[in-house]
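Structure record follows, encoded as structure tokens.
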Amino acid sequence: MALVELLLHPRTSVAVTRVAALVHKPPPVIVSGLMNTKILISISVLALALSAVSVVGKSTQEPKPFPPPKHEPAVVTPGKAAGDPPSDALVLFDGKDLSKWRATSGKGEAKWKVQGGYMEVAPGTGDIATRQEFSDCQLHIEWATPSEVKGEGQERGNSGVFLMERYEVQVLDSFENKTYFHGQAGSIYNQYAPLVNASRKPGEWQSYDIIFKGPRFDEQGKVTERARVTVLHNGVLIQNNVEIYGNTWHDRAANYIAHGPAPLRLQDHGNPIRYRNVWIRPL
Ligand code: MG
271 MALVELLLHP RTSVAVTRVA ALVHKPPPVI VSGLMNTKIL ISISVLALAL SAVSVVGKST
331 QEPKPFPPPK HEPAVVTPGK AAGDPPSDAL VLFDGKDLSK WRATSGKGEA KWKVQGGYME
391 VAPGTGDIAT RQEFSDCQLH IEWATPSEVK GEGQERGNSG VFLMERYEVQ VLDSFENKTY
451 FHGQAGSIYN QYAPLVNASR KPGEWQSYDI IFKGPRFDEQ GKVTERARVT VLHNGVLIQN
511 NVEIYGNTWH DRAANYIAHG PAPLRLQDHG NPIRYRNVWI RPL
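With the numbering used here applied, the sequence shown covers 271 to 553.
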């Protein structure tokens, strides 16, 4: 009987299996139950070791997202109290004089009052601006609206912090004083309402901490990157990295007009707003 016929014969199924195994496969390795257990343990240990190697390998061999920084961060001594200027800040107003400021109309001396460690808007004398120009920056500024409340809405304690002369973070007495939401204290004027109203009472000192990134323009003067701003009002986040849509006009839609570094400007809106402890860190 030929081998194939023998393999296919119905009566010899057991023999067929044995013969087939002999013909087509290497002889089976016969191991005792003890040996099986040993092999299983060995395989498990090997698998564990391999997985351990792969975990270790992952933590040391994973590509890093960025090359490591080459420059050590500069040492900056923070101010003693919260709101005090750190060692690398440029103090724009320390309560003594307006030497860092000028009038925006006519470019002459700033005519606001300086007394008691603060400057105060002299209504009708116009806005004032820093003599120096800035772009990206961290700014700290403290302000107080009059303790004697006069007027309503936009007419009560109005002034403004204009970043790069153009982008206004609104200053207003917004303590129990209703107005349009993107015009209240801490709004990016006519664009964004503050996230919350963190206003103190009229006459009390308040603070803005502002982180600002100026807009970028291409050679044709078209904006390629809008300005961005984050604002904390009395330590409370009120603008979270919002994109400014352009100049914060009061009477028309925001738009960008290409510009370079520009002064910080404070607004004379006809109300005697006080400012103190103004410092900036160009970024
Ligand atoms: Mg204003």
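For every residue, glycine included, the Cβ atom is placed at its ideal position computed from N, Cα and C.
| Query | Result |
| --- | --- |
| Coarse secondary structure for Q424, derived from DSSP in three states | helix |
| Check whether D538 and A392 have beta carbons under 9 Å apart | yes |
| Between the CA atoms of Q331 and H279 - distance to the nearest angstrom | Residue confidence is low: H279 scores 47 on pLDDT, short of 50, so the model does not pin down where it sits. No coordinate-derived value is stated. |
| Same chain, Cβ closer than 6 Å to G430, neighbours up to 5 away in sequence not counted | E438, Q440, V441, Q537 |
| Neighbour-count burial assignment, V323, 16 or more Cβ in a 10 Å radius | For V323, the predicted model reports a pLDDT of 46, less than 50, meaning its position is unreliable; a value from the coordinates is still stated below. Exposed, by the Cβ-count rule. |
| Sequence-distant residues of the same chain with beta carbon closer than 6 Å to D397, five excluded per side | T374, R535, Q537, D538 |
| Any non-hydrogen atom of ligand 1 closer than 8 Å to E438 Cβ | yes |
| Beta-ladder partner(s) of L433, from DSSP | Y437 |
| Per-residue burial, A414 [other beta carbons within 10 Å of its own, 16 or more giving buried] | buried |
| V391: CB within 8 Å of a non-hydrogen atom of ligand 2 | With respect to ligand 2, the structure offers nothing, as its ligand set consists of ligand 1. |
| Cβ separation of A545 and F363, assumed to be a contact under 8 Å, to the nearest whole Å | Rather than Ala, the amino acid found at residue 545 in this sequence is Tyr. So it is a contact: roughly 7 Å between Cβ atoms. |
| C-alpha distance - G530 paired with Q490, whole-angstrom precision | 13 Å |
| Ligand 1 heavy atom lying under 8 Å from the CB of Y388 | no |
| Limits of the unbroken beta strand (DSSP E) element including N511 | 506-513 |
| Ligand 1 heavy atom lying under 8 Å from the CB of V441 | yes |
| Separation of Q461 from I508, as counted between CA atoms | 13 Å |
| Separation of S405 from R486, as counted between CA atoms | 10 Å |
| Boundaries (first-last residue) of the beta strand (DSSP E) holding D479 | 476-483 |
| For F487, the three-state DSSP class (helix, strand or coil) | strand |
| Q402, enclosing beta strand (DSSP E) - first and last residue | Segment: none, Q402 is in no beta strand (DSSP E) and carries neither H nor E. |
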